[in-house]
Structures are given as structure tokens and as C-alpha cells.
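Going by the working numbering, the sequence shown opens with residue 3, and the numbers climb by one from there. Think of the CB as a built atom: it goes at the ideal place given N, C-alpha and C, for glycine as much as any other residue. Notes for the one structure printed next.
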Amino acid sequence: MNYQIISDIPTNLYPQILDMIHLSFEEYKKKGLHFTCSDYQMADLERKVMRGNCFAALTDDGEVLGVTSVSIFPDGGAYENITAISPKAKGLGIGTALFEAYMNQLSSGGAKYIISDTAVSATGSVCWHLHKCGYHKIGLESFPSTNYYSYIFLL
């Protein structure tokens, strides 16, 4: 499947991105895990995702296959707000391509560290963070808006 990574995401793609985020977290929702982003509305997407440093993976036909967003802190650190991959595109390297896109941007901007988190029981995401991206587990947290524990990662 051919795709390109873009950083200048037009607003007409926002509804498709929101639908893709919902679909990408549906499997966890069915298991009873409440990922905050699985209930995002358009205002949440605009406030929590699109205001960060965003990248999207698009097919040649303009279909959204994945999205990631990273916020940069004043101290030179960064936080991975979200990485969501369409269920039909999982395993194609899109998450890794999005990770590389934001790493290139953060590296050129002098980022000192990156923090991320994911549910302990989201084993695919945990493995991706640890083995594909090189993050290290540094903590365990239960956030008020979720019903599970999350690993906190540092890179």
C-alpha cells in the first residue's frame, strides 16, 4: 500500500482522522478499556491532537491511515499525545514511519526527551514503544479519565 507522510494537515481531513482514531481504538473499547481518545469529539481532536506537531499517513487517494501528534515543552522535552493507526493498515510500518517523522522534527529542534504512555494491557502498543521506537519504561500511572494502568515511557 502506497502512502505519504504529511505534516500540513488540511482541516477537511479532520472528520476522517477522528473516525480513524475511533476505529483504531475500537478493539480496546470492546475489551472494556476506556482510552480517552476513543470518545473524542471534533473539539477534542482540535484541542488535544491537531494543535501539537502532527503528522498523518495518507494513501495516494487521500485516505487517512494513521496520525500522530507530539507536544513540545518549554524545557525542550516532548510528549507523544497520540499515535493511531487504521486497523486495516496495522503491521505495514505506518506507526514507525510516523514515529520517524516526529523524531526527525524533534531532533532538528533539539528535543532533550520524549514521554509517552499506553495501557499496560495494550501489548501491541507496549511492544511497539519498547522494541520499535526504543522507549524505556519509567513508571506506572492510573489517569482519572481511564479505567486501567498505563506504562510511562521515556526516550
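message: Let me make sure I understand the geometry here. Which of Asp63, Thr38 and Tyr5 has the alpha-carbon closest to that of Pro146?
response: Thr38
message: Within a Cβ cutoff of 8 Å, which residues of the same chain sit near Asp77, ignoring the five residues on either side of it in sequence?
response: Lys114
- request: Would you check if the distance between the CB atom of Ala59 and the CB atom of Ile116 is smaller than 7 Å?
  value: no
query: By how many angstroms is the C-alpha of Leu157 removed from the C-alpha of Leu20?
result: 27 Å
task: Could you check how far apart the C-beta atoms of His131 and Thr148 are, in whole angstroms? I think they sit under 8 Å.
output: Going by Cβ atoms, the distance from His131 to Thr148 rounds to 17 Å, so no, they are not a contact pair.
field: Whole-angstrom distance between Gly34 and Gly68, CA atom to CA atom
entry: 23 Å
message: For a test of the three-state rule: what should DSSP assign to Ser9, helix, strand or coil?
response: coil
task: Note down the Cα distance separating Phe27 from Asp41, rounded to an integer number of angstroms.
output: 9 Å
- request: Following the continuous beta strand (DSSP E) through Gly79, name the residue where it begins and the one where it ends.
  value: Gly79 to Ile87
task: Taking only the alpha-carbon atoms, compute the straight-line gap between Pro2 and Ser110 and give it to the nearest angstrom.
output: Coverage of the chain is limited to positions 3 through 157, which leaves residue 2 absent and any answer about it impossible.
task: Count the other CB atoms, across all protein chains shown, that sit within 10 Å of the CB of Ala45; report buried if there are 16 or more and exposed otherwise.
output: exposed
field: Exposed unless 16 or more other CB atoms sit within 10 angstroms - verdict on Glu143
entry: exposed
- prompt: From Asn4 to Thr61, what distance separates their C-alpha atoms?
  reply: 6 Å
Ile23 classed as buried or exposed, judged by whether at least 16 other C-beta atoms fall within 10 angstroms: buried
message: Which same chain residues end up closer than 6 Å to Ser127 when comparing Cβ atoms and leaving out the 5 residues on each side of it in sequence?
response: Thr120
task: Starting from Glu135, follow its DSSP beta bridges and name the residues at the other end.
output: It should be pointed out that residue 135 corresponds to Cys in this sequence rather than to Glu. Per DSSP, none; premise fails for Cys135.
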